[in-house]
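Going line by line, the protein sequences match chains A and B.
Just add 21 to wherever you are in the first sequence, counting from 1, and you've got this note's numbering.
Just add 545 to wherever you are in the second sequence, counting from 1, and you've got this note's numbering.
In this text, a Cβ means the ideal position worked out from N, Cα and C, and glycines have one as well.
On a predicted model such as this, the values are computed, not experimentally measured, just so you know.
Okay, so here's the structure we're looking at.
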Amino acid sequence: GAVVSQHPSRVICKSGTSVKIECRSLDFQATTMFWYRQFPKQSLMLMATSNEGSKATYEQGVEKDKFLINHASLTLSTLTVTSAHPEDSSFYICSGWDNSNYGYTFGSGTRLTVV
Amino acid sequence: GENVEQHPSTLSVQEGDSAVIKCTYSDSASNYFPWYKQELGKRPQLIIDIRSNVGEKKDQRIAVTLNKTAKHFSLHITETQPEDSAVYFCAASPAAGNKLTFGGGTRVLVKP
Numbered sequence: 022g023a024v025v026s027q028h029p030s031r032v033i034c035k036s037g038t039s040v041k042i043e044c045r046s047l048d049f050q051a052t053t054m055f056w057y058r059q060f061p062k063q064s065l066m067l068m069a070t071s072n073e074g075s076k077a078t079y080e081q082g083v084e085k086d087k088f089l090i091n092h093a094s095l096t097l098s099t100l101t102v103t104s105a106h107p108e109d110s111s112f113y114i115c116s117g118w119d120n121s122n123y124g125y126t127f128g129s130g131t132r133l134t135v136v
Numbered sequence: 546g547e548n549v550e551q552h553p554s555t556l557s558v559q560e561g562d563s564a565v566i567k568c569t570y571s572d573s574a575s576n577y578f579p580w581y582k583q584e585l586g587k588r589p590q591l592i593i594d595i596r597s598n599v600g601e602k603k604d605q606r607i608a609v610t611l612n613k614t615a616k617h618f619s620l621h622i623t624e625t626q627p628e629d630s631a632v633y634f635c636a637a638s639p640a641a642g643n644k645l646t647f648g649g650g651t652r653v654l655v656k657p
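This is the structure we're talking about:
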């Protein structure tokens, strides 16, 4: 089946630094990638929708200058958390739509801890 | 925008019993309703989905029902097993491939 490879799986960074998370669709072309954030014991909250070759669409309340999304190719989307703070510590997960298998494929998630 | 409410937030059942989780949604334009199972620290796994032109769908021990008029849908797990213990999320979307809005999740514990 379709696979989205997400890296890194875990990252610890210092407050004020930036972290990049990558999601690659390995056997399908993800024209659209969805980025979610999940705090402990909570649901997945959509942060933004990225479309290959165009600007991402951010959900209300999500700072686009803080969470930079790039979707430069049909197989790669990245999320950069800039000037990270402890409150950005969360589980970040991407999801691509696989049109051939008619389903969403989730990455394995990135556990970000900002110290 | 869409709002999805999910109940209960926790559910404890005895092995072999049935579990039912209910969700309501607000946007009548929603047409695609998947259910996901998520284990701690892992990615959500699709267990079943239903589209608005179908009222019920079943896959072995798992079934989903949809009432578009009332804007609610439910997940039914029969003959529960300890490995069914996980967090379950319902979701809604205007169409498959569009953004998903998730419910708050239900933590299911199946006691052996």
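Going along chain A, which residues have a C-beta under 8 Å from Phe578 (chain B)?
For the purposes of this step, residue 578 (chain B) is taken as the residue at position 33 of the second sequence. Within chain A, no residue comes near Phe578 (chain B); the closest Cβ sits about 13 Å away, beyond 8 Å.
Does DSSP classify Glu628 (chain B) as helix, strand or coil?
Start at 1 with the first residue of the second sequence, and residue 628 (chain B) comes out as number 83. Glu628 (chain B): helix per DSSP, three-state reduction.
Any 3 or more C-beta pairs closer than 8 Å across the segment 124-134 of chain A and the segment 81-96 of chain A
no
Which residue wins for smallest C-alpha separation from Ala663 (chain B), given the options B:Asn548, B:Asp594, B:Glu628, B:Pro553?
Chain B is shown from 546 up to 657; residue 663 (chain B) falls before or after that span and cannot be answered.
How is Asp109 (chain A) classed by DSSP in three states: helix, strand or coil?
Taking the first residue of the first sequence as position 1, residue 109 (chain A) is located at position 88. Asp109 (chain A): helix per DSSP, three-state reduction.
Separation of Asp629 (chain B) from His92 (chain A), as counted between CA atoms:
Translated into positions along the first sequence, residue 92 (chain A) becomes position 71. Translated into positions along the second sequence, residue 629 (chain B) becomes position 84. If I take the Cα positions, the gap works out to 36 Å.
Leaving aside the five residues before and after Gln59 (chain A) along the sequence, list all residues of the same chain whose C-beta is less than 6 Å from its C-beta, in chain order.
Sequence index remark: in the first sequence, residue 59 (chain A) carries index 38 (1-based). Cβ neighbours of Gln59 (chain A) beyond the five flanking positions: Leu65, Phe112.
Along the segment 581-611 of chain B, what residues have a CB closer than 9 Å to any CB found in chain A?
Tyr581, Gln583, Gly586, Lys587, Arg588, Pro589, Gln590, Leu591, Asp594
Who are the near neighbours of Glu584 (chain B) in its chain, counting only those whose CB is closer than 6 Å to its CB and skipping five residues on each side?
Numbered from its first residue, the second sequence carries residue 584 (chain B) at position 39. Correct list, in chain order: Ala631.
On the DSSP letters alone, give me the boundaries of the beta strand (DSSP E) that Arg606 (chain B) sits inside.
In the second sequence, counting from the first residue as 1, residue 606 (chain B) sits at position 61. Arg606 (chain B) -> no beta strand (DSSP E), and no H or E assigned at all.
Where do the ends of the beta strand (DSSP E) carrying Tyr125 (chain A) lie?
As a first step, residue 125 (chain A) must be located in the first sequence, where it is residue number 104. Taken as a continuous stretch (DSSP letters only), the beta strand (DSSP E) holding Tyr125 (chain A) covers 124-127.
In chain order, which beta strand (DSSP E) runs of at least 3 residues are fully inside the segment 557-600 of chain B?
564-570, 577-583, 590-596
Kindly indicate the opening and closing residues of the beta strand (DSSP E) around Thr38 (chain A).
As a position in the first sequence, residue 38 (chain A) is number 17, starting the count at 1. Looking at the DSSP string, Thr38 (chain A) is not in any beta strand (DSSP E), and its letter there is neither H nor E.
At a Cβ threshold of 8 Å, is Asp117 (chain A) touching chain B?
Position 96 of the first sequence, counted from the start, is the residue given in the question as residue 117 (chain A). Residue 117 (chain A) is actually Gly in this sequence, not Asp. So, not an interface residue.
Beta-carbon proximity check, Val655 (chain B) vs Val565 (chain B), cutoff 8 Å
Numbered from 1 along the second sequence, position 110 holds the residue referred to as residue 655 (chain B). Numbered from 1 along the second sequence, position 20 holds the residue referred to as residue 565 (chain B). Not in contact: Val655 (chain B) and Val565 (chain B) (Cβ atoms no closer than 8 Å).
Cys568 (chain B) vs His617 (chain B) beta-carbon contact at 8 Å
If you number the second sequence from 1, residue 568 (chain B) lands on position 23. If you number the second sequence from 1, residue 617 (chain B) lands on position 72. Closer than 8 Å, so yes.
For Trp56 (chain A) and Ile42 (chain A), the rounded distance between their alpha carbons
Looking up residue 42 (chain A) in the first sequence gives position 21. Looking up residue 56 (chain A) in the first sequence gives position 35. Distance between the alpha carbons of Ile42 (chain A) and Trp56 (chain A): 10 Å.
Please classify Thr614 (chain B) as buried or exposed, where buried requires at least 16 neighbouring CB atoms within 10 angstroms.
As a working mapping, residue 614 (chain B) is identified with position 69 in the second sequence. Exposed.
Terminal residues of the continuous beta strand (DSSP E) containing Asn643 (chain B)?
As a first step, residue 643 (chain B) must be located in the second sequence, where it is residue number 98. Segment: none, Asn643 (chain B) is in no beta strand (DSSP E) and carries neither H nor E.
Among B:Thr651, B:Gly600, B:Pro589, B:Lys587, which one has its Cα closest to the Cα of Asn576 (chain B)?
Here residue 576 (chain B) is taken as the residue at index 31 of the second sequence, counted from 1. Comparing Cα-Cα distances from Asn576 (chain B) to each of B:Thr651, B:Gly600, B:Pro589, B:Lys587, the minimum goes to B:Gly600.
Using a Cβ-Cβ cutoff of less than 8 Å, which residues in the same chain neighbour Ser554 (chain B) once the five nearest sequence positions on both sides are dropped?
The residue you call residue 554 (chain B) lines up with position 9 of the second sequence. Here the set comprises Gly649, Gly650, Thr651, Arg652.
When we look at the beta-carbon of Val25 (chain A) and count the other beta-carbons within 10 Å, is it buried (16 or more) or exposed?
On the first sequence, residue 25 (chain A) is found 4 positions in, with the first residue counted as 1. By the 10 Å Cβ count, Val25 (chain A) comes out buried.
Tell me, please, whether the CB atom of Ile90 (chain A) is closer than 8 Å to any CB atom in chain B?
What you label residue 90 (chain A) is simply residue 69 of the first sequence in a count that begins at 1. Taking Cβ atoms only, chain B never reaches closer than 8 Å to Ile90 (chain A), which makes this a no.
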